[in-house]
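Undergrad: Here's a structure for you.
Chains as they are written, first to last, in the working numbering: chain A, 19 to 142; chain B, 6 to 385.
Next up, the structure:
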């Protein structure tokens, strides 16, 4: 089980695991629950350059479509093929096997939320 | 990540709660606003709930639906005048799907009408159309010896839908809790009978909105939690689960059943929606008759089967092979049962034939689609 306090969060319900200049990104359990059963995941191409705040993918549940925003500036290093094949991983393991993309960051880290700040945000 | 499709909350309006709300909270339900009601959207997984209904059964709280009692010597004649179908000739204990039309032939609501006695009918309307349906019926009652009463606040509705539904009700009968006035085994599809649950009156209808066999049980709100609990407990060993509105929507979509506000609306004529059979033109007069026929060029409702896994959703454009818009999607989902996306859409008449190759613009990408016959799913 991932230690959730070591992750950073965005107000768009993404989490980031930052290791050096690499950020692993997924969506939170809160977001996965809100979406419902995820049935389709569209992720950016490996090598594509992404800009913080821009839409880079989609996460579709039976009921709705969620947009995946790039939380940081950088280049897509890797995408999770397993989650493309089995989108339900987003629900069953949002902080683990349901990760979405790894990004090589090329800019300054934007302001991100701590676990406590994120939990406070979703407790409203 | 943001959710682009959830409508904004209706600010300032106090939400309404089902008499089963506490039961749903205890069961861990997630809630959604539906026509001003906080109703369960799912309990755990809407896919699991969908599959449970197809393979076992699901329990649905539909207490938000509107129940309108129509009683009096002229009840049948009144409904014949007020609705598109003929209700006066159906036998006691029968149900009929019908439409309430505007004077211009548009659809105010789609309804299920139960004949409970010679002079007593129960009209069940959509939650979102409660006041529109009631007000129009009350208005049209003028001149008839009939009373029209909105009994929605005094009526809870629990549906149990799926192949195990009858077995679960049988267990409640064996346990002397549910007592139908006549044997359940003789209750056929689109019939209704009266009875009691824990000595309180209950209507048991063999109707539903999932494409499966099943029942809808109408009773007073104060006894509804006990019935829900009894059904849940008797059903659990059979794989019966509580099911939310998310699964109800994918189930009805697979079954090709229209949803008001999506496939039906004030500017839709019945025949466009494939509901011409519901309109009885043999009646010399009924509200909406003069304008009920759509123009020849009016778009018609079709089923679409899409390639891939991406769902076409409401309001997405339908295009022909040249990319010209020929229609609009009204409902769509990745079909849990079939494994490919299905959608209902209104398209131009010359694009409506089964087998026509079309496309759906899914957020900038045209996904190939083929017109297929409705329903998408039919139980074997």
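C-beta: ideal position from N, C-alpha, C; glycine also. Every value quoted in this text rests on a predicted model; they were computed, and no experiment measured them.
Quick check on residue 350 of chain B: does DSSP put it in helix, strand or coil?
TA: In the structure shown, residue 350 of chain B sits in a strand (DSSP, three-state: E or B).
Undergrad: Would you kindly work out how many angstroms separate the C-alpha atoms of residue 54 of chain B and residue 254 of chain B, rounded to a whole number?
TA: Each residue's alpha carbon lies about 11 Å from the other.
Undergrad: Run the CB neighbour count on residue 54 of chain A, radius 10 Å, all protein chains shown included, and call it buried at 16 or more, exposed below.
TA: buried
Undergrad: By the three-class DSSP mapping on this structure, what secondary structure does residue 136 of chain A have?
TA: Residue 136 of chain A falls in the helix class under three-state DSSP.
Undergrad: For the segment 78-124 of chain B, list the alpha helix (DSSP H) runs that are entirely contained and at least 4 residues long, ordered along the chain.
TA: Complete alpha helix (DSSP H) runs here, min 4: 80-87.
Undergrad: Can you have a look at residue 194 of chain B and say buried or exposed, based on whether 16 or more other CB atoms are within 10 angstroms of its CB?
TA: exposed
Undergrad: Alpha helix (DSSP H) containing residue 37 of chain A: first to last residue?
TA: Premise fails: residue 37 of chain A lies in the beta strand (DSSP E), 32-37, not in any alpha helix (DSSP H).
Undergrad: Does any residue of chain A bring its CB to less than 8 Å from the CB of residue 318 of chain B?
TA: yes
Undergrad: What did DSSP end up calling residue 82 of chain A once you bin it into helix, strand or coil?
TA: coil
Undergrad: Answer with yes or no whether the minimum CB distance from residue 189 of chain B to chain A is below 8 Å.
TA: The beta carbon of residue 189 of chain B sits no closer than 8 Å to any beta carbon of chain A.
Undergrad: Listed from N- to C-terminal order along the chain, which residues in the segment 24-37 of chain A have their beta-carbon within a distance smaller than 7 Å of any beta-carbon of chain B?
TA: 30, 31, 32
Undergrad: Please name the residue or residues paired with residue 103 of chain A in a DSSP beta bridge.
TA: Per DSSP, none; premise fails for residue 103 of chain A.
Undergrad: Tell me which same chain residues have a C-beta within less than 8 Å of the C-beta of residue 34 of chain B, skipping the five on either side of it?
TA: 45, 46, 47, 48, 247, 249
Undergrad: Which residues in the same chain as residue 29 of chain B place their Cβ atom closer than 6 Å to its Cβ, once the five residues preceding and following it in sequence are excluded?
TA: 45
Undergrad: So is the beta-carbon of residue 98 of chain B under 7 Å away from any non-hydrogen atom of the ligand NAP?
TA: Of the ligands one can find in the structure shown there are none, so the ligand NAP has no counterpart to examine.
Undergrad: What does DSSP give as the partner residues of residue 76 of chain B in its beta bridges?
TA: B/125, B/152
Undergrad: Could you check whether the Cβ of residue 81 of chain A sits closer than 8 Å to any Cβ belonging to chain B?
TA: yes
Undergrad: Along the chain, where does the alpha helix (DSSP H) that runs through residue 48 of chain A open and close?
TA: 47-53
Undergrad: Please report whether the beta-carbon of residue 20 of chain A lies at a distance below 8 Å from any beta-carbon of chain B.
TA: So, not an interface residue.
Undergrad: Which residues does DSSP list as the beta-bridge partners of residue 56 of chain A?
TA: A/79
Undergrad: Return the chain-ordered ranges of every beta strand (DSSP E) run that is complete within the segment 272-326 of chain B and spans a minimum of 3 residues.
TA: 305-311, 322-324
Undergrad: From the DSSP output, in three-state form, read off residue 71 of chain A for me.
TA: coil
Undergrad: From residue 167 of chain B to residue 90 of chain A, what does the alpha carbon distance come to, in whole angstroms?
TA: 47 Å
Undergrad: List the residues that DSSP assigns as beta-bridge partners of residue 237 of chain B.
TA: None, per the DSSP bridge assignment.
Undergrad: Here's a check: name, in chain order, each residue in its chain whose Cβ is nearer than 8 Å to the Cβ of residue 139 of chain B, leaving out the five neighbours to either side.
TA: 71, 73, 130, 153, 155
Undergrad: Closest Cβ-Cβ distance between residue 55 of chain A and chain B: below 8 Å?
TA: yes
Undergrad: Rounded to a whole number of angstroms, what is the C-alpha to C-alpha distance between residue 140 of chain A and residue 360 of chain B?
TA: 47 Å
Undergrad: Taking only the alpha-carbon atoms, compute the straight-line gap between residue 127 of chain B and residue 58 of chain B and give it to the nearest angstrom.
TA: 26 Å
Undergrad: Using a C-beta to C-beta distance shorter than 9 Å, which residues of chain B count as neighbours of residue 134 of chain A?
TA: By Cβ distance, chain B contributes nothing, its closest Cβ being about 20 Å from residue 134 of chain A, past 9 Å.
Undergrad: Please determine, among B/189, B/276, B/293, B/294, the residue with the shortest C-alpha to C-alpha distance to residue 301 of chain B.
TA: Closest by alpha carbon: B/276.
Undergrad: Between the segment 217-226 of chain B and the segment 161-175 of chain B, are three or more C-beta pairs nearer than 8 Å?
TA: yes
Undergrad: Using the Cβ count rule (16 or more neighbours within 10 Å means buried), how would you classify residue 150 of chain B?
TA: Burial call: exposed.
Undergrad: Strictly under 8 Å for the Cβ-Cβ distance: is residue 51 of chain A near chain E by that measure?
TA: Of the chains in the structure shown, none is chain E; the protein chains are A and B.
Undergrad: Just the Cα atoms here: how many angstroms apart are residue 93 of chain B and residue 279 of chain B?
TA: 23 Å
Undergrad: Can you look up residue 146 of chain B in the DSSP assignment and give me helix, strand or coil?
TA: coil
Undergrad: For residue 9 of chain B and chain A, any beta-carbon pair shorter than 8 Å?
TA: Bear in mind that the predicted position of residue 9 of chain B carries a pLDDT of just 43, short of 50, making it unreliable; the figure below should be weighed with that in mind. So yes, residue 9 of chain B belongs to the interface.
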